[in-house]
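*Asks:* Per the working numbering, the very first residue in the sequence shown carries number -13; after that it's consecutive.
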Amino acid sequence: MSSPKTLCDWSKSDLAKRSEELAELVRDAGYYCAKCARVANDKRVLCKSKKLPQPAKVK
Ligand SMILES: [Zn+2]
-13 MSSPKTLCDW
-3 SKSDLAKRSE
7 ELAELVRDAG
17 YYCAKCARVA
27 NDKRVLCKSK
37 KLPQPAKVK
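#1: Out of Val44, Lys45, Lys43 and Ala15, point me to the one whose CA is closest to lysine 37's CA.
#2: What residue range is occupied by the uninterrupted alpha helix (DSSP H) comprising lysine 3?
#3: What does the shell around ligand 1 hold, if a residue joins when its beta-carbon is under 7 angstroms from any heavy atom?
#4: Checking the sheet assignment: what are the DSSP bridge partners for serine 35?
#5: Determine the direct distance from the alpha carbon of aspartate -5 to that of serine 35, and round the result to whole angstroms.
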């Protein structure tokens, strides 16, 4: 059984079973998927990765 290549391919059961792995991937996320709205700190795990912009500063 091979694991899905990207976070975008994770099924509901993957998300349930691999929550600790998910936590590692999304911690301090610097990228998001422009197609699926997933976030990750490794752009290789997103199918259409884009750099996550810094949130606008609250004045
Ligand atoms: Zn995606």
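From the three backbone atoms N, C-alpha and C, an ideal C-beta is built for every residue, glycine too.
*Replies:* In this structure, then:
#1: Ala15
#2: -2 to 3
#3: Thr(-8), Cys(-6), Cys19, Lys21, Cys22, Arg24, Leu32, Cys33 and Lys34
#4: Cys19
#5: Each residue's alpha carbon lies about 13 angstroms from the other.
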